[in-house]
Amino acid sequence: MHIQQELDEELNNLFDTIRKKSSIRPPIEIEKNLTLIDDFALKCSKFRGCLVDYIQENDNRLSLRLRNRLRAVDIMQKEIVSCLECFLSGDIKSAYDSFESMLEPRTISRHIENICIPLSDLCNEDKPLFRVRKSDTPLTSRRDMFHIPFSQRHFVRAQRFSVAGLPCLYLGTSLYICWREMDKPDFDKLYISAYKIDKNNDSKVLNIGPDFLYKQRSILESK
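The sequence shown begins at 8 in the numbering used here and counts up one residue at a time.
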């Protein structure tokens with residue numbers, strides 16, 4: 008426990024440094040006169056710079072573990088750039104392939120697991136997730152409230168958090184959030200459903216929310 012407390016304190020010190028970098032502190036905006044890829048590469052370089060500075064200025068457990076993970080950081084940046092280049096050029100399949108190949112090595116995937124959280128933490132009997140669908144015609148089936156079937160994936164358009172051809176289920180933590188995400192449609196055209204997961208379900212989801220960076224947790228703890 009003592010070692011983990013030390014790591015938590017060291018992580019907090021590192022995150023305090025990162026928080027002071029306004030260019031990489033959420034919410035993040037693309038800098039003027041830069042392409043999406045160039046802006047991403049610039050912000051990754053600034054983030055990596057924070058890690059390198061910490062490594063050079065500290066001699067502790069965290070600095071040692073960060074040193075051993077810099078290569079994984081570089082690999083992920085390179086593969087994400089490759090994925091973006093493929094996607095923006097219209098080669099969706101290569102973008103998928105590039106993203107998948109990035110996550111395959113165990114050196115990468117085991118760190119991804121560190122930011123996965125139980126789905127039951129987000130969706131349970133006390134805290135359901137909601138889906139809102141706007142329709143000008145009556146919806147008569149429960150399945151109409153789910154995502155488009157994969158057999159009809161050719162109907163799926165690109166959305167804010169997904170690409171064309173990939174059916175996704177967009178859920179919100181409140182009806183208000185869902186309503187805002189739908190651009191505040193008329194209430195008489197809304198259909199609402201709630202989703203809950205069994206507490207014994209061991210499914211996990213990847214948490215990419217920026218708040219995770221600032222939680223007191225030893226995500227770099229060795230396995």
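Every residue, glycine too, gets a C-beta built ideally from N, C-alpha and C.
All values reported here derive from a predicted model rather than from experimental measurement.
With burial defined as no fewer than 16 other Cβ atoms inside 10 Å of the residue's Cβ, what is the status of residue i: buried or exposed?
| i | result |
| --- | --- |
| residue 255 | This structure cannot speak to residue 255, because the chain is shown only from 8 to 230. |
| residue 95 | exposed |
| residue 136 | buried |
| residue 185 | buried |
| residue 18 | buried |
| residue 61 | buried |
| residue 14 | buried |
| residue 176 | exposed |
| residue 73 | buried |
| residue 105 | buried |
Could you name the residues of the same chain whose beta carbon sits closer than 8 Å to that of residue i, not counting the 5 residues immediately before and after it, in chain order?
| i | result |
| --- | --- |
| residue 12 | none |
| residue 79 | 114, 115, 118 |
| residue 112 | 82 |
| residue 68 | 10, 13, 14, 17 |
| residue 38 | 30, 46, 49 |
| residue 157 | 174 |
| residue 129 | 136, 180, 212 |
Which residue or residues does DSSP assign as beta-bridge partners of residue i?
| i | result |
| --- | --- |
| residue 202 | 136 |
| residue 179 | 137 |
| residue 212 | 124 |
| residue 197 | 141 |
Between the options, which has its C-alpha nearest residue i's C-alpha?
| i | options | result |
| --- | --- | --- |
| residue 150 | 202, 169, 100 | 202 |
| residue 64 | 142, 24, 181, 204 | 24 |
| residue 208 | 191, 158, 181, 124 | 124 |
| residue 70 | 108, 205, 16, 132 | 16 |
| residue 160 | 14, 171, 187 | 171 |
| residue 107 | 97, 89, 122 | 89 |
| residue 189 | 205, 153, 174, 142 | 142 |
| residue 131 | 47, 44, 210, 196 | 210 |
| residue 165 | 40, 99, 41 | 99 |
| residue 169 | 183, 148, 102, 194 | 102 |
| residue 215 | 29, 33, 10, 45 | 33 |
| residue 87 | 97, 66, 44 | 44 |
| residue 195 | 145, 183, 167, 93 | 145 |
Using a Cβ-Cβ cutoff of less than 6 Å, which residues in the same chain neighbour residue i once the five nearest sequence positions on both sides are dropped?
| i | result |
| --- | --- |
| residue 199 | 139 |
| residue 54 | 31 |
| residue 35 | none |
| residue 110 | 116 |
| residue 58 | 73 |
| residue 167 | none |
| residue 42 | none |
I'd like the list of long-range same chain contacts for residue i, defined as Cβ closer than 7 Å, with 5 residues on each side in sequence excluded.
| i | result |
| --- | --- |
| residue 51 | 84 |
| residue 163 | 155, 171, 172, 173, 174 |
| residue 127 | 204, 206, 208 |
| residue 153 | 176 |
| residue 93 | 101, 102, 105 |
Within the segment 94-168, ranges of the alpha helix (DSSP H) (whole runs, at least 4 residues): 99-110, 113-119, 126-129
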